[in-house]
Amino acid sequence: MDRVRRSEEQILAVIGLGNPGKEYGATRHNAGFMILDRLVSLYSPSMMERKFRASWGFAVAEGRKVLFVKPLTYMNRSGEAVGELIKYFGIPPASMLVVHDDLDLPFARIRLAQRGGSGGHKGIQSIMEHVASSDFPRLKMGIGRPKHAEPIEEFVLLPPYAQEREEFEEMLGRAEETVRAVLAAGLPEAMNKFNRRD
């Protein structure tokens, strides 16, 4: 029974959300891509951009084979690439961890969730539509809200404010550590360790 339970908890794919292109590289909306880049450096999957509309590859991470994905369909259409990949490789939605920025989470906070709605995040909404489920884990990274009345659409496509960049980098470090813990110990244990209450 315990073996079955542990198997169901296992994450078989880690998907980081963002927009392709150098102009978006350092923006708030690309926090998910930033985490994927760190994980690729750590686990060294052979990333490729053929067959699917994504940069993707497999690596042995914390003792098992894991698929790493950066959709290249742009944020609002992330689900098109994610849906194709997990269907092709037979990965159930509940076994993928989606890493993304979150406007409603306080700046530099991270939070693991086992499932949920989109919260207005168009990348998550797209994935929900294309995998026909909201039952997939997420790692959310708080980017805060505009401080200078910038429109949301502009705010997410800009780098963090200069005075926030050090704290933003620290958040990325914690997020990477959290993903590693999810892969090593499972989602419930990582949630107990990393989710902090106000």
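Residue numbering for the sequence shown follows the numbering used here, beginning at 1399 and increasing consecutively. Where is the CB? At the ideal position from N, CA and C, for every residue including glycine. All figures in this text were calculated on a predicted structure; none of them were measured in a lab.
The segment 1410-1425 / the segment 1462-1480 touching (three or more Cβ pairs under 8 angstroms) = yes
Local conformation of G1506 per DSSP, three classes = As a position in the sequence shown, residue 1506 is number 108, starting the count at 1. It is Ala, not Gly, that sits at residue 1506 in the sequence shown. A1506 falls in the coil class under three-state DSSP.
State the start and end residues of the unbroken beta strand (DSSP E) segment that holds S1453.
-> What you label residue 1453 is simply residue 55 of the sequence shown in a count that begins at 1. Its beta strand (DSSP E) spans residues A1452 to A1459.
Within its chain, find whatever has a CB closer than 6 angstroms to the CB of I1525; leave out the 5 residues flanking it on each side and keep chain order.
-> Within the sequence shown, numbered from 1, the residue matching residue 1525 stands at position 127. S1476, G1477 and V1480.
For the beta strand (DSSP E) containing V1467, list its first residue and its last residue.
-> The residue labelled residue 1467 in the question sits at position 69 within the sequence shown. Taken as a continuous stretch (DSSP letters only), the beta strand (DSSP E) holding V1467 covers R1462 to P1469.
Minimum C-alpha distance to E1574 - residue among I1489, R1513, S1453 and V1497 | In the sequence shown, counting from the first residue as 1, residue 1574 sits at position 176. Ranking I1489, R1513, S1453 and V1497 by Cα distance to E1574 puts V1497 first.
Option nearest G1571 by Cα separation, candidates K1485, S1444, H1528 and R1507 | For the purposes of this step, residue 1571 is taken as the residue at position 173 of the sequence shown. Ranking K1485, S1444, H1528 and R1507 by Cα distance to G1571 puts R1507 first.
What separation, rounded to the nearest whole angstrom, lies between the Cα atoms of L1495 and L1503?
-> The residue you call residue 1495 lines up with position 97 of the sequence shown. The residue you call residue 1503 lines up with position 105 of the sequence shown. In a straight line, the C-alpha of L1495 is about 18 angstroms away from that of L1503.
Opening and closing residue of the beta strand (DSSP E) in which R1536 lies | Residue numbering aside, residue 1536 sits at position 138 when the sequence shown is read from its first letter. From DSSP, the beta strand (DSSP E) with R1536 extends over R1536 to G1540.
Give me whichever residues DSSP pairs with D1533 in a beta bridge.
-> As a first step, residue 1533 must be located in the sequence shown, where it is residue number 135. DSSP lists no partner for D1533.
For L1542, collect the residues of the same chain with a Cβ closer than 7 angstroms to its Cβ; drop the 5 residues on either side in sequence, then sort them by chain order.
-> Counting from one through the sequence shown, the residue named residue 1542 turns up at place 144. Reading the sequence as shown, one finds Gly at residue 1542 and not Leu. P1504 and F1505, listed in sequence order.
Please work out which residues of its chain come closer than 7 angstroms, Cβ to Cβ, to E1562, disregarding the five sequence neighbours upstream and downstream, and give them in chain order.
-> Numbered from 1 along the sequence shown, position 164 holds the residue referred to as residue 1562. Cβ within range, chain order: F1505.
Which same chain residues, not among the five before or five after G1521, have their C-beta less than 7 angstroms away from its C-beta?
-> Taking the first residue of the sequence shown as position 1, residue 1521 is located at position 123. Around G1521: L1415, M1473, N1474, S1476 and H1498.
If you scan the segment 1476-1503 from start to end, which runs of the alpha helix (DSSP H) of 4 or more residues do you find wholly inside it?
-> 1476-1487
Just reading off the alpha helix (DSSP H) that I1550 is part of, what are its end residues?
-> If you number the sequence shown from 1, residue 1550 lands on position 152. I1550 -> alpha helix (DSSP H) spans I1550 to F1553.
Chain C beta carbons: is any one of them nearer than 9 angstroms to that of Q1561?
-> Structure shown: chain C not included; a single protein chain is present.
G1584 by DSSP, collapsed to three states: which one?
-> One-based indexing of the sequence shown puts residue 1584 at position 186. In the structure shown, G1584 sits in coil (DSSP, three-state: anything other than H, G, I, E or B).
C-alpha distance - V1458 paired with S1531, whole-angstrom precision | Taking the first residue of the sequence shown as position 1, residue 1458 is located at position 60. Taking the first residue of the sequence shown as position 1, residue 1531 is located at position 133. Looking at the two C-alpha atoms, the distance is approximately 27 angstroms.
Selection from H1519, L1510 and E1548 that minimises the alpha carbon distance to L1585 | Here the question's residue 1585 lines up with position 187 in the sequence shown. The option with the nearest alpha carbon to L1585 is L1510.
Below 8 angstroms, can you find three or more Cβ-Cβ pairs linking the segment 1414-1429 to the segment 1549-1562?
-> yes
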